[in-house]
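Presented below is the structure to which this report refers.
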Amino acid sequence: PSCCGGYGPWDDVFVSRLDPSKTGSAQLVYSTYLSGTYREAGRSLSVDATGVITVAGFTNSPDFPTTPGSLGATGEAAFVTRLDPYQTGSAQLVYSTLLGGSAIFDIAHALSVDASGVVTVVGTTTSPDFPTTPGAFDRTYNGGSGGYYSGDAFVSRLDPSKTGPAQLLYSTFLGGMDE
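Taking the numbering used here as reference, the numbering of the sequence shown is continuous, increasing by one, and the terminal residue is 590.
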């Protein structure tokens with residue numbers, strides 16, 4: 412699959428699977444959008460052995476699609492979404508959550524998915540209230556005053572088989588950077 416959205420004011424994320432062994436329009440095996448009212452951008456994508464796709468990025472749309480029991484966030488949040496292209500309609504949205512605090516610029520930059528389906532996502536945040544877990548390496552926001560290149564890195568592990576706060580297995584700030 413390929414992914415992602417551009418950088419204009421009203422971007423959507425797209426996920427498409429192409430089969431280069433076919434010709435013309437038959438090459439397009441699967442394609443969908445992930446979008447809300449405003450801006451989204453995909454940053455990372457992973458496909459498991461069954462073909463299920465996990466995408467991470469950011470959104471500032473209050474109506475970005477999430478699944479019941481998701482973590483939820485306000486402001487511009489990171490997202491982690493899992494799609495099953497072998498399902499139809501809304502059943503393709505297997506898991507989708509927002510991850511962030513109340514500030515803008517919570518962005519997922521990369522992800523990996525282990526064999527059990529647990530997602531590790533890394534990114535940057537300007538939210539002092541970004542969710543962290545007890546016993547995490549660093550639960551204190553160290554970042555600057557805000558802006559795209561200001562804030563802390565974060566590392567979070569999510570278990571999509573769980574709901575609500577239980578799905579956040581681990582989350583920590585990591586360092587800090589400022590302009």
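Backbone N, C-alpha and C fix where the C-beta goes; we use that ideal spot for every residue, glycine too.
It should be emphasised that the depicted structure is a prediction, and the values quoted were computed from it without experimental measurement.
Beta carbon of S582 nearer than 8 Å to that of P542: The sequence position of residue 582 within the sequence shown is 171, counting from 1. The sequence position of residue 542 within the sequence shown is 131, counting from 1. Yes, they are a contact pair.
Check whether T465 and V530 have beta carbons under 8 Å apart: Taking the sequence shown and counting its residues from 1, one reaches residue 465 at position 54. Taking the sequence shown and counting its residues from 1, one reaches residue 530 at position 119. Going by C-beta atoms, T465 is nearer than 8 Å to V530.
Any 3 or more C-beta pairs closer than 8 Å across the stretch 503-516 and the stretch 428-436: Because the criterion of three Cβ pairs below 8 Å is not met, the stretch 503-516 and the stretch 428-436 do not touch.
With 16 other Cβ atoms within 10 Å as the buried cut-off, status of V532: Here residue 532 refers to the residue found at position 121 of the sequence shown. Buried, by the Cβ-count rule.
Given V566 as reference, the closest of T574, G575, R550 once Cα atoms are compared: One-based indexing of the sequence shown puts residue 566 at position 155. For the set T574, G575, R550, the Cα lying nearest the Cα of V566 is the one of R550.
For L580, the residue or residues it bridges with in DSSP: Indexing the sequence shown from 1 puts residue 580 at position 169. Looking at the DSSP assignment, L580 forms no beta bridge with any residue, so it has no partner.
Counted within 10 angstroms of its Cβ, other Cβ atoms place S527 as buried (16 or more) or exposed: As a first step, residue 527 must be located in the sequence shown, where it is residue number 116. With fewer than 16 other Cβ atoms within 10 Å, it is exposed.
DSSP bridge partner residues for S455 (one or two, in chain order): Counted from its first residue, the sequence shown places residue 455 at position 44. In DSSP, S455 forms a bridge with A467.
CB-CB length for A521 against F490, believed under 8 Å: If you number the sequence shown from 1, residue 521 lands on position 110. If you number the sequence shown from 1, residue 490 lands on position 79. Not a contact, Cβ separation roughly 13 Å.
Three-pair Cβ contact test at 8 Å for the stretch 477-486 versus the stretch 453-465: Taking a cut-off of 8 Å on C-beta distances, the stretch 477-486 does not touch the stretch 453-465, as fewer than three cross pairs fall below it.
Beta-carbon separation (whole angstroms), N553 vs F584, contact threshold 8 Å: Along the sequence shown, read from residue 1 onward, the residue named residue 553 stands at position 142. Along the sequence shown, read from residue 1 onward, the residue named residue 584 stands at position 173. That belief holds up - the Cβ atoms of N553 and F584 are roughly 6 Å apart, short of 8 Å.
Reduced DSSP category for G586 - H, G, I as helix; E, B as strand; rest coil: Along the sequence shown, read from residue 1 onward, the residue named residue 586 stands at position 175. Strand.
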